[in-house]
């Protein structure tokens, strides 16, 4: 499996509610920053992903522009992803157009790629942001 197919497999696991922690390096320096959370280190990431899987369902993950650059033992990527899911505890459905960036490392012992970092953000309207930051000019 190459880096791109690992990313696609992660998206599919998110859609189907499968375990996501195995996609990450078991390192204290691993990072996952999502729309509403910051997780540092494998233990924190695994716990956060397990909690997310337990409380959410009905995921839509629509990759729109995946770009991956792969080298011998590391890779980086960016993507725009339409996401929708149901928070079962709050009985709410959320949907966002998100931007993803991340890095992966190849692990020869397991012949697999693992995320070292993922950052997911939501774009804001720049006109609104400019008004908020600078007021009307």
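In the numbering used here, the protein residues as written are 7 to 143.
Glycine included, every Cβ here is placed at the ideal spot set by N, Cα and C.
Name, in chain order, the residues that DSSP records as bridge partners for residue 126. 106
Nearest to residue 109 (by Cα), restricted to the options 30, 17, 19 and 20: 30
Measure the C-alpha to C-alpha separation of residue 130 and residue 86 and round it to an integer number of angstroms. 14 Å
Provide the residue span of the alpha helix (DSSP H) that contains residue 21, from first to last. 9-22
With DSSP run on the structure shown, which of helix, strand or coil describes residue 45? strand
Give the secondary structure of residue 62 by DSSP, where H, G and I count as helix, E and B as strand, and everything else as coil. strand
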